[in-house]
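Student:
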Amino acid sequence: MLGLATLAACASPQEIVSSKEDHLSAAGFVDQPANTPERQAMLRSLPSHRFVRRTKGDSVFYVYADPTVCACLYVGSQDAYGRYRQFQQQQNLADEQAMSAQEYDNASWNWGAWGPGFGPGFMYGPGFGW
Numbered sequence: 001m002l003g004l005a006t007l008a009a010c011a012s013p014q015e016i017v018s019s020k021e022d023h024l025s026a027a028g029f030v031d032q033p034a035n036t037p038e039r040q041a042m043l044r045s046l047p048s049h050r051f052v053r054r055t056k057g058d059s060v061f062y063v064y065a066d067p068t069v070c071a072c073l074y075v076g077s078q079d080a081y082g083r084y085r086q087f088q089q090q091q092n093l094a095d096e097q098a099m100s101a102q103e104y105d106n107a108s109w110n111w112g113a114w115g116p117g118f119g120p121g122f123m124y125g126p127g128f129g130w
């Protein structure tokens, strides 16, 4: 989430969507331009920047509508959607790991300056004077 928050803080909405679309393409989604009036009307009828699931016969497709950046649909199979979701999960895990507390090991750090009980092996919480 930190990575997403950092990205959101530094990037325009178009850049965020564009980055997501790069991941869709890498997962196997194919962009289909809304280059006719009929396609444009169909594009406008779908929720923007959200996945919808479509079934045709025995096949399942996922559609991602982008009316703002590329004026297109991204269409992918069940496998492509699975690859995209796997990437998202890996990215979320990487973001969580980046947010985890980091070890601070500095020999010149003086815990004693913070008061009694803050030496090596100090304890805190109920029962420890906090």
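Quick note on this note's numbering: the sequence shown kicks off at 1 and runs consecutively. Using N, Cα and C, we set each Cβ at its ideal position, and we do this for glycine too.
1) Under 8 Å by Cβ, that's how I've got Gly76 and Leu24 pegged, so tell me the actual separation to the nearest angstrom.
2) If you draw a straight line from the C-alpha of Leu43 to the C-alpha of Glu21, how long is it?
3) Using a Cβ-Cβ cut-off of 6 Å (strictly less than) and excluding sequence neighbours within five positions of Gln40, which residues of its own chain qualify?
4) Out of Gln78, Gly112, Gln32, which has the shortest C-alpha to C-alpha gap to Pro67?
5) Identify which residue in Ala71, Trp111, Leu93, Ala26 has its Cα closest to the Cα of Thr36.
6) With H, G and I counted as helix, E and B as strand and the rest as coil, what does DSSP make of Arg85?
7) Quick check on Ala98: buried or exposed, where buried means 16 or more other Cβ atoms within 10 Å of its Cβ?
Tutor: If we stick to the structure as given:
1) At roughly 7 Å, the Cβ-Cβ gap stays under 8 Å, so Gly76 and Leu24 are in contact.
2) Cα-Cα distance, rounded: 16 Å.
3) Taken in chain order, the residues that qualify are Ala34.
4) Sorting Gln78, Gly112, Gln32 by C-alpha distance to the C-alpha of Pro67 places Gln32 at the top.
5) Comparing Cα-Cα distances from Thr36 to each of Ala71, Trp111, Leu93, Ala26, the minimum goes to Ala71.
6) Arg85 falls in the helix class under three-state DSSP.
7) An exposed status is given to Ala98, since fewer than 16 other beta-carbon atoms sit within 10 Å of its beta-carbon.
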